[in-house]
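Take any residue in the sequence shown, count from 1 to its spot, add 421: that is its number in the numbering used here. Built from N, CA and C at the ideal position, the CB exists for glycine as well. A short worksheet on the structure shown next.
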Amino acid sequence: MPVLKEENGEEEPIVLPAHTKVLVTGNNRTKSIHIGLQGVVKKAVGLGGWYWLVLTNGDEVKLQRNALSVIEAPTENEENDEFEDDDISSYTTKINSPFRKASSRKLTVDLRKLEMVSLWRYCHHFRLAALMKIQPSKEQLIEVVEKHFTSQQLDEFQVIAEFIQASKRLKQSMQGIQA
């Protein structure tokens with residue numbers, strides 16, 4: 422494997438193979454939240470020295486070679502194996518999954534900021550009919566909406582795709598109005 426002689430006399434491989442453990446030292450394109458984290462090379466991507474990494478915080482990022490320092494070269498077994506998602510879990514503290522059960526994490530939305538009209542609209546839309554027969558307080562509405570909201574399963578990729586489609590429709594309708 423070709424190596425690059427560093428100024429401090431250490432040798433590092435020019436092309437990092439999969440499973441190489443690295444430290445993110447950063448460059449002008451590196452997000453500051455990633456600097457100082459360790460990761461594992463998933464694959465090299467084309468020209469320019471770009472690498473897909475799986476960081477210890479679970480993020481999968483694309484960084485340039487000059488933003489990385491090698492901590493540990495892969496073992497022969499790892500080098501010969503193809504990188505699989507099963508291997509990622511041994512290097513990360515969590516894995517981001519496209520499906521998240523909302524009830525498994527703390528609700529970060531403050532529903533108390535919503536007005537009664539919005540809470541009623543939510544209940545009506547999701548047919549939370551038990552509330553329609555009584556006059557609940559705002560706190561009771563918030564409790565029911567929060568319970569329903571956190572019980573929903575979410576496919577983040579589908580949500581993003583639908584958001585993009587809605588954005589495109591809005592843009593097209595705005596162009597039609599201007600024409």
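Consult DSSP for residue i and reduce its assignment to one of helix, strand or coil.
{"i": "LYS452", "result": "coil"}
{"i": "GLN593", "result": "helix"}
{"i": "ALA494", "result": "coil"}
{"i": "GLN586", "result": "helix"}
{"i": "GLU603", "result": "No information on residue 603 is available, as it lies outside the stretch 422 to 600 that the chain covers here."}
{"i": "ALA465", "result": "strand"}
{"i": "GLN599", "result": "helix"}
{"i": "SER524", "result": "Because SER524 sits at a pLDDT of 43, beneath the cut-off of 50, its placement in the model cannot be relied upon, and the following sentence gives the value as read from the coordinates. In this structure, SER524 counts as helix in the three-state DSSP scheme."}
{"i": "VAL580", "result": "helix"}
{"i": "LEU549", "result": "coil"}
{"i": "VAL565", "result": "helix"}
Is the beta carbon of residue i sitting closer than 7 Å to the one on residue j?
{"i": "VAL491", "j": "LEU532", "result": "no"}
{"i": "ALA611", "j": "THR441", "result": "With the chain running from 422 to 600 in the structure shown, residue 611 is simply not present."}
{"i": "VAL462", "j": "LEU474", "result": "yes"}
{"i": "GLY460", "j": "VAL443", "result": "yes"}
{"i": "LEU489", "j": "THR477", "result": "no"}
Among the options, whose alpha-carbon lies nearest the alpha-carbon of residue i?
{"i": "ASN448", "options": "THR441, ILE456 and LYS442", "result": "ILE456"}
{"i": "THR451", "options": "ARG486, ASN478 and SER539", "result": "ARG486"}
{"i": "SER558", "options": "GLN579, GLU536 and GLN573", "result": "GLU536"}
{"i": "TYR472", "options": "LEU575, ALA439 and ILE581", "result": "ALA439"}
{"i": "SER453", "options": "ILE598, VAL482 and GLY469", "result": "VAL482"}
Since I believe residue j is in contact with residue i (beta carbons under 8 Å), could you give me their beta-carbon distance rounded to a whole number of angstroms?
{"i": "VAL445", "j": "LEU484", "result": "7 Å"}
{"i": "PHE370", "j": "HIS569", "result": "The structure shown has nothing for residue 370, since the chain only spans 422 to 600."}
Against chain C, does residue i count as a neighbour if the rule is that its beta carbon must be under 7 Å from one of theirs?
{"i": "THR446", "result": "This model lacks chain C altogether; it includes just one protein chain."}
| field | Segment contact flag, the stretch 557-565 with the stretch 592-600, C-beta cutoff 8 Å, min 3 pairs | value | Pairwise C-beta distances place the stretch 557-565 out of contact with the stretch 592-600, as fewer than three of them are shorter than 8 Å.
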